[in-house]
Amino acid sequence: MTQHPLLEQLNDKQRAAVSAPERHMLVLAGAGSGKTRVLVHRIAWLLQEFHLSPYSVMAVTFTNKAAAEMRGRVEELVGSSTRAMWIGTFHGLAHRLLRAHYMDVDLPQNFQILDSDDQQRMLKRIMRSMNLDEKRWSPKQAQWFINAKKDEGLRAHHLDGHDFNERTYKEIYDAYQVACDRAGLVDFAELLLRAHELLRDNRIVREHYQRRFRHILVDEFQDTNAIQYAWVKLLSGGGGDHENYVTIVGDDDQSIYGWRGAKIENIHQFTRDYPSVETIRLEQNYRSTNTILSAANSVIANNNDRLGKELWTDGSHGEPIDLYAAYNELDEARYIASQIESWHEKGNALQDVALLYRSNAQSRVLEEALLHARIPYRIYGGLRFFDRQEVKDALAYLRLLANRNDDAALERVINTPTRGIGARTLEIIRDGARQRGTSLWDAAKQLASEKVLTGRAANAVLAFTDLIQQLEDETGEYSLGRQVDTVIKSSGLMAMYQAEKGEKAETRVENLKELVNACDNFDQLDNEQPEDMTPLNAFLAHAALESGEEQADEYQDAVQLMTLHSAKGLEFPLVFMCGVEEGLFPSQQSLDEAGRLAEERRLCYVGMTRAMQKLVITYAEQRRVYGQEKLHRASRFIAEIPPENLHHVRMQSRSRPADDFAGTQQSYGRFHSGASHEAFAESGYQLGQRVRHSKFGEGTVLNYEGSGPQSRIQVNFDDLGSKWLVVAYARLERC
DNA sequence: CGTTATGTACTTTTT
DNA sequence: GTACATAACG
Numbered sequence: 001m002t003q004h005p006l007l008e009q010l011n012d013k014q015r016a017a018v019s020a021p022e023r024h025m026l027v028l029a030g031a032g033s034g035k036t037r038v039l040v041h042r043i044a045w046l047l048q049e050f051h052l053s054p055y056s057v058m059a060v061t062f063t064n065k066a067a068a069e070m071r072g073r074v075e076e077l078v079g080s081s082t083r084a085m086w087i088g089t090f091h092g093l094a095h096r097l098l099r100a101h102y103m104d105v106d107l108p109q110n111f112q113i114l115d116s117d118d119q120q121r122m123l124k125r126i127m128r129s130m131n132l133d134e135k136r137w138s139p140k141q142a143q144w145f146i147n148a149k150k151d152e153g154l155r156a157h158h159l160d161g162h163d164f165n166e167r168t169y170k171e172i173y174d175a176y177q178v179a180c181d182r183a184g185l186v187d188f189a190e191l192l193l194r195a196h197e198l199l200r201d202n203r204i205v206r207e208h209y210q211r212r213f214r215h216i217l218v219d220e221f222q223d224t225n226a227i228q229y230a231w232v233k234l235l236s237g238g239g240g241d242h243e244n245y246v247t248i249v250g251d252d253d254q255s256i257y258g259w260r261g262a263k264i265e266n267i268h269q270f271t272r273d274y275p276s277v278e279t280i281r282l283e284q285n286y287r288s289t290n291t292i293l294s295a296a297n298s299v300i301a302n303n304n305d306r307l308g309k310e311l312w313t314d315g316s317h318g319e320p321i322d323l324y325a326a327y328n329e330l331d332e333a334r335y336i337a338s339q340i341e342s343w344h345e346k347g348n349a350l351q352d353v354a355l356l357y358r359s360n361a362q363s364r365v366l367e368e369a370l371l372h373a374r375i376p377y378r379i380y381g382g383l384r385f386f387d388r389q390e391v392k393d394a395l396a397y398l399r400l401l402a403n404r405n406d407d408a409a410l411e412r413v414i415n416t417p418t419r420g421i422g423a424r425t426l427e428i429i430r431d432g433a434r435q436r437g438t439s440l441w442d443a444a445k446q447l448a449s450e451k452v453l454t455g456r457a458a459n460a461v462l463a464f465t466d467l468i469q470q471l472e473d474e475t476g477e478y479s480l481g482r483q484v485d486t487v488i489k490s491s492g493l494m495a496m497y498q499a500e501k502g503e504k505a506e507t508r509v510e511n512l513k514e515l516v517n518a519c520d521n522f523d524q525l526d527n528e529q530p531e532d533m534t535p536l537n538a539f540l541a542h543a544a545l546e547s548g549e550e551q552a553d554e555y556q557d558a559v560q561l562m563t564l565h566s567a568k569g570l571e572f573p574l575v576f577m578c579g580v581e582e583g584l585f586p587s588q589q590s591l592d593e594a595g596r597l598a599e600e601r602r603l604c605y606v607g608m609t610r611a612m613q614k615l616v617i618t619y620a621e622q623r624r625v626y627g628q629e630k631l632h633r634a635s636r637f638i639a640e641i642p643p644e645n646l647h648h649v650r651m652q653s654r655s656r657p658a659d660d661f662a663g664t665q666q667s668y669g670r671f672h673s674g675a676s677h678e679a680f681a682e683s684g685y686q687l688g689q690r691v692r693h694s695k696f697g698e699g700t701v702l703n704y705e706g707s708g709p710q711s712r713i714q715v716n717f718d719d720l721g722s723k724w725l726v727v728a729y730a731r732l733e734r735c
């Protein structure tokens, strides 16, 4: 039987999803089951077999990376341009809608996007002007509150403000929104909310898009929040007169963003709102060994309310999962480094290795060990290019050129570099703006001309407004790159960073130059923005929405370090999951709140299923957390793995002489606190050794003190925590 | 206005 | 333990 080329090399389930008739579909796709592949082939199928125009397809993802990958793979498959197709992130597509219909949503044509850093600064200013007790109300909390409400589709006036807390937040929300609207600023949540309101309230616009998008496909649906779901529902005409087809792809077991508003229930809700939906489960995994999968399966089986799904593979059994119980975080890091070394010596690539941890703080110790072992590494999740201070400074100048009312941008650069406009002057301008209900820019100009501001301050302010005006006049016709270059130089920004010394300042100067490059390369044709957008506005939107991939030396073969969260969607032949301890993973906070533990378990599931060939789990009996030594027990997740899949690695370092790790002797000395290696040798016990006590049960040796019959030993018992025992009386058994 | 000292908080991350 | 922010100081 000859098969359609698009269906070749797909399994039955994948084929069913790709070649299904036009209908609503729910694809429950387990980790490593070829989810993206199905999505991409499905789109190609729609275009080729159903002769759909790319114009009538919309595909939504969460990250720019996923969107870019999807577009690339679709184009590769269908061999033609997909420009007419709307592929993008929720935020990117919402932004596109708002640009096209800015008048319908009361936004200025040149509205700008506020990233979360800008948003926080903005809130800080507003809260200050409200004279709130700064001890009690933090901009961060307010930001969290406002975004959470917006994610639920709620405006300030929707809040009833029953208790004092909420009443205050409501006022902040209100004031913040007024300020944003006046300045023509839109935060991330606002993009979604406003686009939703546009579709909801404007019948003509809604029906236009409902007619247009015959198929809507949503990736990672378990991560959608309330407003995103409402959005999809509106566009699809869900339940209405004009119904389009919706395909959602997701995995309830990989929902790890509940804490930022994602609702797994949206998957359940979908089956209720679209009763004709067909559900397809992709359970065959092409990534991991059988051992890894069955371990992951039995961990996740401890969660309730699952949609039900069990991954399987016809691949090899593979090696057992190594479990290493380190006695502290330094030992853990060193063990990992040594394992990576031997992996590398066998001829394997370092970039095939990932170190996953629960929180970013854990990376430091790991880095030190890798550095010491001279293993190159790369950390994910640092500051991205467009988020850097100097780049944001330069962008703020550009934003002011595009829109004088952009208060956030003005605040940022009015005195950067310093030009004699101090806190006092700024305060006067803010007051003036508040009284007149104008932007800071207008207030500054007026106050200076009305002589409210005195000589020196007035001069400084006028010099600034003249500078911006002159920059616009001068560079208006320039190419983007040349414009940015001129702005950076004429504003004094470049000179300011050049004058600073140190490595940091040098990279800042480099980044500013890189920004000019980025502008030169920014080809507006590559970005499907509405045509009437100026190149500058298009670039600013690009900078805000795609803060820029970390441009690291991708050529160097390096180990990858990242949090479990950022590992989602990736795969590696060798994976280390570090710090798998109660209190760390699952995190302490998650134990206090209902429902959070299940999410931690899903996070564990995500981490385990990243591994293709080999998984190594490590934990430390003792760990410094915020400068304090904490005793930890192995995570409950480890106990949920079938014992036959686990291989307990024995402490190896004790049998070697102490000078084996001469370079780190110092740091280990701190831990030993008086326990010399000789004392240990004499005692017959070793650090990290497992011992059994007749009353206290099993535990791990943590420390040792003294010698002879008076010597004492510290043991961390699994059930009781750590205790000091006199060796002579304790009658410990080695096990 | 810019520098230094003290205080405080601190999972997870994208847009 | 450290980064980051604000406060006090020169």
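Those letters in the first sequence? Residues 1 to 735, by full-length UniProt numbering. Cβ atoms here follow ideal geometry from the backbone N, Cα and C, with glycine treated the same way.
Which one of the options has the shortest CA to CA distance from residue i?
i      : options                           : result
Phe717 : Asn645, Ala634 and Pro642         : Ala634
Val726 : Gln284, Gln714, Glu733 and Ser255 : Gln714
Thr618 : Thr425, Glu319 and His647         : His647
Glu411 : Leu123, Tyr209 and Val249         : Leu123
Leu98  : Ile87, Gln112 and Ile375          : Gln112
Cys519 : Lys614, Lys695, Met130 and Pro535 : Pro535
Arg306 : Gln210, Gln177, His196 and Gly595 : Gly595
Phe50  : Asn302, Val18, Glu571 and Glu640  : Val18
Gln351 : Glu367, Gln3 and Arg378           : Arg378
Val649 : Ala433, Ser479 and Pro320         : Pro320
Starting from residue i, trace the alpha helix (DSSP H) in both directions and tell me its first and last residue.
i      : result
Tyr497 : Leu493 to Ala499
Thr475 : Gly455 to Thr475
Leu401 : Gln389 to Ala402
Asp331 : Glu329 to Glu345
Asn302 : Element bounds for Asn302: n/a, residue is neither H nor E.
Gln435 : Ala423 to Arg436
Phe145 : Pro139 to Asp151
Return the CA-CA distance between residue i and residue j, expressed in angstroms with no decimal places.
i      : j      : result
Ala541 : Phe522 : 12 Å
Ser722 : His693 : 12 Å
Thr609 : Leu311 : 10 Å
Gln269 : Asp322 : 40 Å
Asp660 : Leu330 : Confidence is the limiting factor: at Asp660 the pLDDT is only 37, short of 50, which leaves the residue's position unreliable, though a coordinate-based value still follows. C-alpha separation (whole angstroms): 14 Å.
Arg656 : Tyr324 : Caution applies to Arg656, whose pLDDT of 38 falls short of 50 and renders its modelled position unreliable; the value that the coordinates give is listed next. The alpha-carbon atoms of Arg656 and Tyr324 are separated by roughly 17 Å.
His157 : Val105 : 17 Å
Phe213 : Met58  : 6 Å
Leu732 : Val691 : 6 Å
Gly88  : Tyr286 : 27 Å
Lys309 : Gly688 : 39 Å
Ala458 : Leu447 : 8 Å
Val78  : Leu47  : 8 Å
Ala675 : Leu702 : Legend: pLDDT at Ala675 = 41, less than 50; position of this residue unreliable, no value from coordinates given.
Arg260 : Asp151 : 9 Å
Arg623 : Ala598 : 24 Å
Ala658 : Arg334 : Low confidence applies to Ala658: its pLDDT is 35, below 50, so where it sits in the model is not reliable, and the reading given next is rough at best. Rounded to whole angstroms, Ala658 to Arg334 spans 14 Å at the Cα level.
Ala408 : Leu26  : 42 Å
Gln120 : Leu185 : 13 Å
Asn297 : Ser590 : 21 Å
According to DSSP, residue i sits in a beta bridge with which residue or residues?
i      : result
Lys630 : Arg623
Tyr245 : His215
Ile87  : Ala59
Thr36  : The partner list for Thr36 (beta bridge, DSSP) is empty, contrary to what the question assumes.
Asp187 : Leu114
Ile617 : Leu323 and Met577
His372 : The partner list for His372 (beta bridge, DSSP) is empty, contrary to what the question assumes.
Which residues mark the beginning and the end of the beta strand (DSSP E) in which residue i is found?
i      : result
Val559 : Val559 to Thr563
Thr279 : Glu278 to Leu282
Ala639 : Here Ala639 belongs to no beta strand (DSSP E); instead the alpha helix (DSSP H) covers Arg636 to Ala639.
Arg692 : Arg690 to His693
Rounded C-beta distance between residue i and residue j? I'm assuming under 8 Å.
i           : j      : result
residue 744 : Tyr497 : For the chain, the structure presents residues 1 to 735; residue 744 sits outside this window and is missing.
Phe145      : Tyr169 : 5 Å
Taking 7 Å as the line, does the beta carbon of residue i fall inside it for any heavy atom of the ligand GTP?
i      : result
His565 : Among the components of this structure there are no ligands whatsoever, and the ligand GTP is therefore not found.
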